[in-house]
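Visitor: First the structure, then my questions, so here it is.
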Amino acid sequence: MTSAELLDKGMRCLREHLGVVDAEQFIATVLRERFDYTKWQREHFDGMSLNELNSAAVDYAKKTGKT
């Protein structure tokens with residue numbers, strides 16, 4: 001996937017799930033706050049066991065209808 005395709009797919013996903021206004025606010029916040037996804041991911045998931053992570057993923061999939 002090219003960078004342009006990735007950006008297009010990501011923006012489409014944000015718009016579909018957040019709506020246009022919230023998607024724009026999300027992008028603005030990420031840029032303004034210099035959001036470090038890797039750091040956030042480590043802070044959020046490092047304390048979870050593999051079983052906890054798996055359970056959270058399964059619950060999310062059930063709740064959203066994604067498999």
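Oh and the sequence shown: position 58 is 58 in our numbering, straight run, nothing missing.
The beta carbon of each residue, even a glycine, is placed where N, CA and C say it ideally should be.
Keep in mind that this is a model prediction, so the values were computed, not measured.
What span of residues does the alpha helix (DSSP H) with R42 cover, start to end?
Guide: Y37 to F45
Visitor: Which residue marks the beginning of the alpha helix (DSSP H) containing K66, and which one marks its end?
Guide: Looking at the DSSP string, K66 is not in any alpha helix (DSSP H), and its letter there is neither H nor E.
Visitor: First and last residue of the alpha helix (DSSP H) that includes M11?
Guide: S3 to L18
Visitor: What's the C-alpha gap between A57 and M48?
Guide: 12 Å
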